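If you read the sequences in order, they're chains A and B. Each step along the first sequence adds one to the number in this note's numbering, with nothing skipped, and position 21 is 48. Each step along the second sequence adds one to the number in this note's numbering, with nothing skipped, and position 50 is 77. For glycine and all other residues, C-beta sits at the position ideal for the given N, C-alpha and C. Here the structure is a predicted model, which means the values were calculated and not measured.
Protein chains: 2
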Amino acid sequence: MPKAKVYVYLKEGILDPQGKAVHRILKNMNFDQVGDVRVGKFITLDFENNLPDAEIGSQADEICRKLLANPVIEDYHFDIE
Amino acid sequence: MPKAKVYVYLKEGILDPQGKAVHRILKNMNFDQVGDVRVGKFITLDFENNLPDAEIGSQADEICRKLLANPVIEDYHFDIE
């Protein structure tokens, strides 16, 4: 079954409170060599068989724009496998 | 700055209510060719310069096991860039 693996993440420069929280915990755990942490989403969309890659890419892009990502603060990319 | 890109996702067979919710919304939006949706996390860890890849990999693995993933229900993998 073809899949689109989608990655959604905050744009550079947008404050990431969840990432900051993870960073602080890592400092408390003595992982001192981690400089910054950003937390995003990783979404797998399974598509029906026999859909051409171009059609999967077009649908995945539309799904990202309309539902999965907030284009004001988030960027996304996806791979088709 | 070297980065570890970490992907955390529910193991196969574990019910994913967030993925089911996205799937239902996609059906309502007439994306009928999406068969299943799984939602996970995508975390970027920035490491200090001059750390060898082997050390980054070892720390990233420990961070996944101890903090980012729940090994009972989640799997993870990471790439070093």
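Name the DSSP beta bridge partners of residue i, please?
i	result
B:L42	B:L42 pairs with nothing; no bridge assigned.
A:A104	Correcting the residue type first, residue 104 of chain A is His in the shown sequence and not Ala. Answer is A:Y34, bridged to A:H104.
Counting only Cβ pairs nearer than 7 Å, list the residues of chain A close to residue i.
i	result
B:L42	Here the premise fails: no neighbours, minimum Cβ distance about 15 Å.
B:F69	Y34, Y36, G67, K68 and F69
When you compare the CB of residue i with every CB in chain A, is at least one pair closer than 9 Å?
i	result
B:G84	no
B:E101	no
Between residue i and chain B, is the shortest Cβ-Cβ distance under 9 Å, so that the two count as touching?
i	result
A:E39	no
A:E108	no
Among the options, which has the Cα closest to the Cα of residue i?
i	options	result
A:H50	B:Q60, B:L37, B:A87 and B:D59	B:A87
B:A96	B:G84, B:P29 and B:L37	B:L37
B:L78	A:E108, A:F74 and A:V61	A:V61
A:D43	A:D63, A:R92 and A:E82	A:D63
B:P98	B:D73, B:E39 and B:I52	B:E39
B:E108	B:I83, B:K47, B:M56 and B:N57	B:I83
A:M28	A:D73, A:A81 and A:K93	A:D73
Closer than 7 Å by beta-carbon distance: list the chain B residues that pair up with residue i, in chain order.
i	result
A:I90	L53 and F58
A:D63	D73
For residue i, which residues in chain A fall below 9 Å Cβ to Cβ?
i	result
B:K47	Simply none; closest approach about 13 Å.
Between the region 65–76 of chain A and the region 64–74 of chain B, do three or more beta carbon pairs fall short of 8 Å?
yes
Counting pairs of Cβ atoms below 8 Å between the region 30–46 of chain A and the region 94–106 of chain A, do you hit three or more?
yes
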